[in-house]
Amino acid sequence: MGGPLTLAQIASQLGGRIAGDPGVLIHQVGSLERAGRGEITFLSNARHRAKLAGTGASAVVLAADAEPLTALPRIVCDDPYSYFARVSQLFNARIAQPAGVHPSASIAPSATLGARVSIGPGCAVGDGVAIGDDSCLYPGVVVYHGCRIGARAIIHSGAVIGADGFGIAGEGGRWLKIPQIGAVAIGDDVEIGANTTIDRGALDDTVIGDGVKLDNQIQIGHNCRVGAHTAMAGCVAVAGSADIGSHCSIGAGALILGHLSICDHAEVSADTVISRSIRKPGTYTGMFPADEHGAWARNTAVVRHLAALVERVRSLEKRLEEKEKGDG
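To convert, count from 1 in the sequence shown and add 6; that's the numbering used here.
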């Protein structure tokens, strides 16, 4: 842990305007509700403004429009959330394994490891794999043959990179496996969560762009492409051959069907099913909120008959128009 640091020392490294005592000593970061003496917190969401009055923090990071809400020493900046993330980095260095290969890991002789790579206990790295400088594979990560991982990757326990995609063809009532001859190509500065799986391509590579952040338990199907700096929350499932743009945000539990595309700067809300391509940046939401079961069942029954209801309305509108013409 770094520090302690004064507010002035923090601002000298990260920028921002100090109001109040610049000599306040900060030892750690904390939440609005639980921060105590020597800790710095942040306010980025107007919904939490009421909590600011009761915080025990010694200082706060906030935007200019929230500054009148507190007399605490503060750092004023344009984006308190990202600023706070950088403050936290000052006090909490990323926990990393020592560089090198743990004795229990299995590394194919033809694999190439960059400088300062860390391979944890029980990892398996296959033939022809290339892993870039300063990357870290936590215990139990499996990287199949031919896959490529860029520099500074963080891959958490249980992740599987390059398993076969779900490629099968029906023949005479049985399934015939299609060889998955592509690989997985992962860019620089990518983080992959625990138990996330990225399938190798059937023909071309599955591609994960620079700076992509994948949460735990995500499934990326074969031949998918995920653009740079896109982030996905837990349990997202992306079917094969989907093409997702850069700087997208995909909420937890969202489902993205295969062979469609999502443009850059799109946001998909949690639990949303994307069944058609998205060609315009914006936020896309589609969900059926939970309700008391009886009400939910009635509403679901209505939804099932919406198409028929639309046809009836169109028919009635047409008859009304014809009647109005006749009266005229």
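Using N, Cα and C, we set each Cβ at its ideal position, and we do this for glycine too.
If you're wondering where the values come from, they're calculated on a predicted model, not measured in any experiment.
Buried versus exposed call for residue i [16 or more other C-beta atoms within 10 Å across all chains shown]
i	result
Gln-19	exposed
Arg-80	buried
Pro-86	buried
Ser-112	exposed
Leu-49	buried
Asp-140	buried
Leu-78	buried
Ile-187	exposed
Asn-229	buried
Ala-314	exposed
Asp-196	Reading off the sequence, residue 196 comes out as Val, not Asp. Flag for Val-196 reads buried.
Phe-90	buried
Ser-247	buried
Asp-297	exposed
Met-238	buried
Ile-262	buried
Asp-333	exposed
Arg-43	exposed
Asp-205	buried
Endpoints, the alpha helix (DSSP H) within which residue i is located
i	result
Lys-286	That residue, Lys-286, is in no alpha helix (DSSP H); it is neither H nor E in DSSP.
Arg-23	Per DSSP, Arg-23 belongs to no alpha helix (DSSP H); it is in the beta strand (DSSP E), 23-25.
Val-93	86-97
Arg-310	299-310
Ala-56	55-58
According to DSSP, residues forming a beta bridge with residue i
i	result
Asp-205	Ala-169
Thr-118	Ala-136
Glu-273	Ser-255 and Thr-289
Thr-12	Leu-31
Ala-65	Ile-46
Gly-106	Ser-124
Ile-262	Val-244 and Ile-280
Arg-231	Val-213 and Asp-249
Arg-154	Ala-136 and Ala-191
Gln-225	Thr-203 and Ala-243
Ile-268	Ile-250 and Ile-284
Cys-129	None; Cys-129 has no bridge partner.
Leu-143	Ile-125 and Ile-161
Ala-296	Answer by DSSP bridge pairing: none, since Ala-296 is not bridged.
CB contact flag (residue i, residue j, <7 Å)
i	j	result
Asp-133	Ser-110	no
Ile-214	Ile-250	no
Leu-182	Thr-202	no
Gly-146	Ser-163	yes
Gly-62	Ala-41	yes
Val-242	Ile-224	yes
Ala-189	Gly-152	yes
Arg-158	Asp-216	no
Ala-260	Thr-289	no
Phe-97	Gln-15	no
Ala-208	Gly-171	yes
His-265	His-253	no
Ile-198	Ala-169	no
Ala-276	Gly-300	no
Ala-99	Cys-142	no
Gly-138	Gly-120	yes
Arg-55	Leu-38	no
Cys-83	Gly-29	no
Ala-65	Leu-13	yes
Ile-32	Leu-11	yes
Residue i, DSSP secondary structure in three states
i	result
Val-148	strand
Leu-220	strand
Ser-112	strand
Val-196	coil
Ala-314	helix
Leu-20	helix
Ala-41	coil
Ala-52	helix
Ser-70	Reading the sequence as shown, one finds Ala at residue 70 and not Ser. Three-state DSSP puts Ala-70 in a helix.
First through last residue of the beta strand (DSSP E) which encompasses residue i
i	result
Phe-48	45-48
Thr-212	212-214
Gly-176	174-177
Leu-182	180-183
Arg-80	80-82
Ala-77	No beta strand (DSSP E) contains Ala-77, which DSSP labels as neither H nor E.
Ala-159	First-last for Ala-159: undefined, no H or E at that position.
Any non-hydrogen atom of the ligand GDP within 6 Å of residue i CB
i	result
Gly-292	Absence of the ligand GDP from the depicted structure is noted, as is the absence of any ligand whatsoever, leaving it without description.
Beta carbon proximity, residue i to chain B, threshold 7 Å
i	result
Ile-155	Judged by its chain identifiers, the structure shown contains no chain B, having just a single protein chain.
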